[in-house]
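As structure tokens, the structure follows; a few thoughts come after it.
Shown next as structure tokens:
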């Protein structure tokens, strides 16, 4: 009896041990499976993160390239017959007691540089004069301020290319005499570079109309200037703020490409 009981006990013990071994193996296998799944998930997450980072980097690179292309495209395609339109560079704008504080003190020198390179390369130059109808304006015909500034007057007629004088009494040079758009079209001129006074007034209005009429318009921003401006609701913009708002509106709105004098001069040579 004891032998039989001992044998039965041993068999039961072995069976229990076998079950424990099987359970342990099952647990180990489950743990290994879980570890493998976690490793696979980790690898997949890493791959996804790497792919996302790669995509983001590529997008960033593409955006940077696009920005750089936009920054340089404004002068990379300057036409051989691009017309320089010099807007209202008149002596009356030197009367700061009438107009108030101005910006871009370098603008007059930049305008002169543009005229020089246009005349040296035989490109067409359009000089625009504002004949103000306002009785107290320094730009009113018959007043000393109506004439061009000396450095502009001295350069008129000095180039090898075509030249046009346009007079106007409104903001846009396209509403003047003679008809600027008709003259440009007859000469086969499709591209304009604008410089002059005021950035956010006659320069901007001429740029907008030029764009609407189908011309490729560039504005040499630092060859323009303006004055502090009082608006509604007590709002007031400094000359710099008004000029920047104008540049953003023109460039961001697709009316014109706002560029620098240096880049335009480099492209024109």
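In our numbering, the protein residues as written are 585 to 853. Yeah, the Cβ is synthetic: ideal placement off N, Cα and C, and Gly gets one too. A quick note: this is a predicted structure, and the numbers were derived from the prediction, not measured.
For residue i, the nearest candidate out of the options (CA to CA)
i	options	result
residue 741	791, 777, 708	708
residue 839	743, 753, 798, 758	798
residue 752	836, 847, 670	670
residue 662	702, 696, 678, 682	702
residue 755	679, 715, 829	715
residue 694	681, 668, 719	668
residue 743	757, 706, 734, 788	706
residue 712	746, 833, 764	764
residue 758	746, 734, 792, 745	792
residue 852	704, 690, 691, 692	704
residue 830	786, 816, 850	786
Sequence-distant residues of the same chain with beta carbon closer than 6 angstroms to residue i, five excluded per side
i	result
residue 665	773
residue 736	673
residue 699	739
residue 794	776, 801
residue 844	806
residue 846	none
Sequence-distant residues of the same chain with beta carbon closer than 8 angstroms to residue i, five excluded per side
i	result
residue 827	687, 688, 783, 784, 805, 808, 809, 810
residue 762	748, 750
residue 790	669, 671, 712, 755, 756, 757, 758, 778
residue 718	724
residue 796	839
residue 850	659
residue 832	none
Supposed contact pair residue j and residue i - C-beta distance, whole angstroms, cut 8 angstroms
i	j	result
residue 730	residue 814	Not quite, the Cβ-Cβ distance comes to about 25 angstroms (not below 8 angstroms), so this is no contact.
residue 750	residue 777	Contact doesn't hold; Cβ gap of about 15 angstroms is too wide.
residue 659	residue 848	6 angstroms
residue 812	residue 684	5 angstroms
residue 725	residue 679	Not confirmed; about 16 angstroms, so no contact.
residue 821	residue 788	Between residue 788 and residue 821 the Cβ distance is about 13 angstroms, and since that is not below 8 angstroms, they are no contact.
residue 770	residue 746	That pair is no contact at about 11 angstroms.
Close beta carbons around residue i, own chain, < 7 angstroms, minus the five adjacent residues each side
i	result
residue 767	748
residue 690	806
residue 734	none
residue 697	845, 849
residue 728	675
Cβ neighbour criterion (16 or more within 10 Å) applied to residue i
i	result
residue 803	buried
residue 732	buried
residue 681	exposed
residue 677	buried
residue 780	buried
residue 837	exposed
residue 818	exposed
Residue i: CB within 7 angstroms of a non-hydrogen atom of the ligand NAD
i	result
residue 825	With respect to small molecules bound, the structure shown includes none, and the ligand NAD cannot be examined in it.
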